[in-house]
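Everything on this sheet refers to the single structure shown next.
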Amino acid sequence: MKKILTGLGKFNKVIAISFPVILSIFLVRMESLARRELISPECQVKKWDIPISLTAENQKSPLIQRLPITCCQGDISCLDEVIYGEIPDKKALVSAIARSLQYLQTANAGAAYQNYQVAGITRDRVFKSLKRFRELLSTTNSATELHQAIEREFVLYQSVGKDTKGSVLFTAYYEPLYAASRVPTAEYRYPVYRLPPDLNSWSRPHPTREELEGADGLQGAKGKLRGLELFWFRDRLEPYLAQIQGSARLQLPDGTQTTIGYAGNIAYNYKSIGRELANDGKLPLEGMTMPIILDYFQKHPQELNTYIPRDRSFVFFQENHGKPAQGSINVPLTAERSIATDKSLMPPGALALIRASIPFINLTGKMEERIVSRYVLDQDAGGAIKGAGRVDYFLGTGKIAGDRAGVTVSNGQLFYLLIKSNN
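Our numbering numbers the first residue of the sequence shown as 2 and each following residue consecutively.
In structure tokens, the structure reads:
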């Protein structure tokens with residue numbers, strides 16, 4: 002589980018800040034938008050929208066059933082080609098499916114689907130859909146062949162999005178890698194904390210972030226957090242960003258690595274410091290991105306003690322001893338194959354198809370956008386991922402994943418694949 006540094010209106014993923022990156026790369030407009038011009042408007046947008054007739058019939062449902070979408074000739078963005086590419090991605094997808102199947106056999110899954118609000122979507126049907134899709138992965142030899150099999154055997158449940166037409170805002174997140182220490186030193190001063198064993202007995206309202214750790218992030222030992230320090234970081238921003246992402250991989254001074262993951266939080270909603278910067282006129286809201294905000298705080302580090310405390314929320318961690326980042330359904334996340342959605346609306350563990358413009362680093366080392374379709378598993382949630390119009394896409398661990406996550410902001414579509422009832 003993670004929270005995403007969002008809340009900036011149209012660009013509300015703009016500060017899923019990673020560790021410092023080469024800022025100049027990301028201040029350049031993405032280069033490959035020309036790719037979109039090769040796709041007709043009908044293939045590019047309209048055919049992926051929810052038909053008006055279906056919207057009128059299902060005004061209150063977050064998901065609307067429709068038939069799979071036939072690919073336009075020559076539109077490779079319609080297909081998940083990397084599954085069968087030169088470096089096949091099939092193994093990662095199969096692994097993600099296995100993790101969802103494992104979850105769907107738990108009591109937690111049974112409870113989640115007991116009162117699920119969309120007619121026709123049940124735990125048993127989601128389970129059977131995953132098993133059949135996995136069989137198709139082993140028996141098909143191309144993305145086109147797989148897509149044709151899906152057209153024959155599956156129906157889609159499309160998210161109504163933020164506009165009832167199916168438009169979904171896509172952002173991305175990742176597992177950062179930070180230097181950290183198990184003990185405080187002159188270099189490592191800023192801690193993250195374990196879950197307080199008595200958190201459930203804390204009086205309400207809970208103390209705020211500033212009341213817990215102070216404006217400078219160094220006062221935790223004077224209050225309720227005393228003795229709960231888990232790891233120490235060198236930079237004021239890093240433990241805060243670890244809270245935003247909900248997990249981190251840590252490089253320790255002795256050369257070993259470990260991981261930390263979400264363990265709990267206090268009862269406050271997240272507030273975006275990016276929006277606060279915009280509200281104060283420090284940065285323009287339009288076009289704000291992670292590198293721009295990072296650059297601002299690198300130039301004005303003293304202002305971290307002003308803006309971080311404005312977010313009253315606070316996250317606690319546990320050491321996961323090298324285990325990969327986990328999602329809200331308690332299974333490991335898979336890079337490029339796991340997504341986070343609002344679990345009050347969307348089916349946990351289910352197979353989905355996303356279509357959106359995603360940034361990639363090309364062979365020349367430059368960032369470019371590509372409209373892609375990807376089969377993914379819905380395995381996570383996020384504090385700022387609310388409503389039918391939001392998806393957060395997990396991009397993996399480390400610098401490249403962080404670079405890409407920081408500039409991922411696009412509108413696309415979200416579909417869940419369910420096997421036809423008569424299959």
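Using N, Cα and C, we set each Cβ at its ideal position, and we do this for glycine too.
Bridge partner(s) assigned by DSSP for residue i
i	result
residue 181	234
residue 151	Bridge partners of residue 151: none, in fact.
residue 416	159, 354
residue 381	341
residue 249	261
residue 426	Outside the displayed range of the chain (2 to 424) lies residue 426, so it cannot be described from this structure.
residue 395	174
Collapsed DSSP secondary structure at residue i in the structure displayed
i	result
residue 112	helix
residue 262	strand
residue 401	helix
residue 408	coil
residue 390	coil
residue 318	strand
residue 222	helix
residue 359	strand
residue 305	helix
residue 297	helix
residue 374	strand
residue 276	helix
8 Å CB neighbourhood of residue i in its chain, flanking five on each side removed
i	result
residue 191	218, 219, 233, 234, 235, 236, 237, 239, 240
residue 103	332
Own chain, CB closer than 7 Å to residue i, minus 5 neighbours either side, in chain order
i	result
residue 270	314
residue 329	2, 344, 381, 382
residue 55	65, 67
Cβ pair residue i, residue j closer than 9 Å
i	j	result
residue 414	residue 356	yes
residue 81	residue 373	yes
residue 176	residue 258	no
residue 351	residue 418	yes
residue 406	residue 173	yes
residue 205	residue 249	no
residue 223	residue 215	yes
residue 408	residue 171	no
residue 371	residue 337	no
residue 354	residue 377	yes
residue 228	residue 318	no
residue 251	residue 326	no
residue 335	residue 137	no
Nearest candidate by alpha-carbon position, reference residue i, set the options
i	options	result
residue 119	360, 159, 196	159
residue 71	82, 48, 64, 92	48
residue 345	278, 334, 379, 354	379
residue 163	328, 64, 204, 359	64
residue 167	422, 105, 52	52
residue 420	125, 375, 76	125
residue 254	265, 186, 104	186
residue 293	74, 274, 101	274
Beta-carbon contacts of residue i that lie in its chain and below 6 Å, excluding the five residues immediately before and after
i	result
residue 85	143, 144
residue 157	67, 69, 416
residue 428	With the chain running from 2 to 424 in the structure shown, residue 428 is simply not present.
residue 423	none
residue 122	348
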